[in-house]
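Visitor: Residue numbers (UniProt numbering): 1 to 286. Here a beta-carbon is modelled for each residue, glycine too, at the ideal position from N, C-alpha and C. The structure that follows is given in the form of structure tokens.
Given below as structure tokens:
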């Protein structure tokens, strides 16, 4: 991924962490302070940015020099086994300090001045989601990720609110108004569709677009930010989990006609059926 300067970028993740618990039988304290890497975008020199969970806290790190960086802790607690929409917006400014905005479930939680290494000419060739480049077992993300989307611009609050309203099951490309009709209000629809936000999609990954260990990019067109193919490779124990709606499951079995056959069985009587004379009595307890 090329790291040349641009007006900003946005990363949106729908995730639910599974915090590991280790109970101390002597003191009764529950230790939940495990580090789970949510993403790591770095150059071969180690510059870039990462984000991780520390227990129920979410921390974003900017690495501008080797072993030197700036961290920001999002002031909210993330409970385990609960879905969240995390949105990180970097607003680049050439003349003043750049800004990092953190949104949770479509609402802004914090804003901080943070100069990320966005203007470097190096390529970010060590980009990982759910871990680091060295794939250490002790800091891999433990949980589920519904979708990951990156934009090549800093999204506005109206755009983020609209994306949250679409929900985790939306798989479109923000190109057609018919896809969002009845879901978004007028302001959100104009922010997403009329402003042509689809042209700013850098990458988009969803579990429904996986082929074996390859997660296919769902962005509407190739983005020059990538030096190679934008498809993601799933490593380790990572696997895609697909769910099927009741309507799709019924359609695969033969459609609504299958229910007609079941309804016909309700009035069916067996010719050899004999009415039982046995009576139901409670089991004696001595």
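Put residue 27 into one of helix, strand or coil per three-state DSSP.
Guide: As a first step, residue 27 must be located in the chain shown, where it is residue number 27. Note that residue 27 has pLDDT 32, beneath the 50 cutoff, so the model's placement of it is unreliable and the number below is only indicative. Coil at residue 27, not helix or strand.
Visitor: Answer with buried or exposed for residue 222, where buried requires no fewer than 16 other C-beta atoms within 10 angstroms of its C-beta.
Guide: For the purposes of this step, residue 222 is identified with residue 222 of the chain shown, where counting begins at 1. Exposed, by the Cβ-count rule.
Visitor: What number of angstroms, rounded off, separates the C-alpha of residue 148 from the C-alpha of residue 259?
Guide: Residue numbering aside, residue 148 sits at position 148 when the chain shown is read from its first letter. Residue numbering aside, residue 259 sits at position 259 when the chain shown is read from its first letter. Those two C-alpha atoms are separated by around 38 Å.
Visitor: Among 152, 109, 67, which has the Cα closest to the Cα of residue 77?
Guide: Looking up residue 77 in the chain shown gives position 77. Answer by Cα proximity: 109.
Visitor: Throw me the rounded Cβ distance for the residue 73 and residue 38 pair, which I believe falls under 8 Å.
Guide: Residue mapping note: residue 73 aligns to position 73 of the chain shown, counting from 1. Residue mapping note: residue 38 aligns to position 38 of the chain shown, counting from 1. Here residue 73 is actually not in contact with residue 38; their C-beta atoms are around 14 Å apart, not less than 8 Å.
Visitor: Can you give me the C-alpha to C-alpha distance between residue 175 and residue 163, rounded to a whole angstrom?
Guide: Numbered from 1 along the chain shown, position 175 holds the residue referred to as residue 175. Numbered from 1 along the chain shown, position 163 holds the residue referred to as residue 163. Using only the alpha carbons, I get a separation of about 13 Å.
Visitor: Measuring alpha carbon to alpha carbon, tell me which residue in 239, 179, 84, 154 is nearest residue 53.
Guide: Residue 53 sits at position 53 when you count from the first residue of the chain shown. Nearest option by C-alpha distance: 84.
Visitor: Check the DSSP bridge columns for residue 60 and list the partner residues they point to.
Guide: Here residue 60 refers to the residue found at position 60 when the chain shown is read from its first residue. For residue 60, which the question treats as bridged, DSSP gives the partners 51, 72.
Visitor: Mind checking residue 101: buried by the 16 CB within 10 Å criterion, or exposed?
Guide: Counting from one through the chain shown, the residue named residue 101 turns up at place 101. Taking all protein chains shown into account, residue 101 has 16 or more neighbouring C-beta atoms within 10 Å of its C-beta and is therefore buried.
Visitor: When you compare the stretch 40-53 with the stretch 184-193, are there three or more beta-carbon pairs, one atom per stretch, that lie closer than 8 Å?
Guide: no
Visitor: Work out the CA separation of residue 64 and residue 217 for me, nearest whole Å.
Guide: For the purposes of this step, residue 217 is taken as the residue at position 217 of the chain shown. For the purposes of this step, residue 64 is taken as the residue at position 64 of the chain shown. Cα-Cα distance, rounded: 29 Å.
Visitor: Over what stretch of residues does the alpha helix (DSSP H) that includes residue 323 continue unbroken?
Guide: This structure does not reach residue 323, given that the chain is present from 1 up to 286, and the question cannot be answered.
Visitor: Hey, would you say residue 337 sits closer than 9 Å to residue 131, going by beta carbons?
Guide: Limits of the chain in this structure are 1 at one end and 286 at the other, which puts residue 337 out of reach.
Visitor: Bridge partners for residue 126 per DSSP, in chain order?
Guide: Translated into positions along the chain shown, residue 126 becomes position 126. According to DSSP, residue 126 bridges with 42.
Visitor: Compute the distance between the beta-carbons of residue 99 and residue 114, then report whether it is under 9 Å.
Guide: As a working note, residue 99 is residue 99 in the chain shown. As a working note, residue 114 is residue 114 in the chain shown. Closer than 9 Å, so yes.
Visitor: What span of residues does the beta strand (DSSP E) with residue 292 cover, start to end?
Guide: Summary: the structure shown does not reach residue 292, with the chain confined to residues 1 through 286, and so no result is reported for it.
Visitor: In this structure, how does DSSP classify residue 209 when only helix, strand and coil are distinguished?
Guide: Position 209 of the chain shown, counting from 1, holds the residue named residue 209. In this structure, residue 209 counts as helix in the three-state DSSP scheme.
Visitor: So, is residue 159 buried or exposed, given that buried needs 16 or more other C-beta atoms within 10 angstroms?
Guide: Position 159 of the chain shown, counted from the start, is the residue given in the question as residue 159. By the neighbour-count rule (16 or more Cβ atoms within 10 Å), residue 159 is buried.
Visitor: Between the alpha carbons of residue 207 and residue 267, how many angstroms are there, rounded?
Guide: Here residue 207 refers to the residue found at position 207 of the chain shown. Here residue 267 refers to the residue found at position 267 of the chain shown. Cα-Cα distance, rounded: 44 Å.
Visitor: Looking at C-alpha atoms only, which residue of 238, 220, 141 is the closest neighbour of residue 214?
Guide: The sequence position of residue 214 within the chain shown is 214, counting from 1. Of the candidates 238, 220, 141, the one whose C-alpha sits nearest the C-alpha of residue 214 is 238.
Visitor: Straight-line CA distance for residue 248 to residue 44?
Guide: Taking the chain shown and counting its residues from 1, the one referred to as residue 248 is at position 248. Taking the chain shown and counting its residues from 1, the one referred to as residue 44 is at position 44. Cα to Cα, residue 248 sits roughly 45 Å from residue 44.
Visitor: Distance, Cα to Cα, residue 245 vs residue 121?
Guide: Numbered from its first residue, the chain shown carries residue 245 at position 245. Numbered from its first residue, the chain shown carries residue 121 at position 121. For residue 245 and residue 121, the distance between alpha carbons rounds to 46 Å.
Visitor: Taking only three categories from DSSP, how would you classify residue 150?
Guide: Locating residue 150 in the chain shown gives position 150, where the first residue counts as 1. Under the three-state reduction of DSSP, residue 150 is assigned to strand.
Visitor: Please go through the same chain and pick out, in chain order, the residues whose beta-carbon is closer than 7 Å to the beta-carbon of residue 13, but skip the five residues on each side of it.
Guide: Locating residue 13 in the chain shown gives position 13, counting from the first residue. Result list for residue 13: 38, 86, 145, 148, in chain order.
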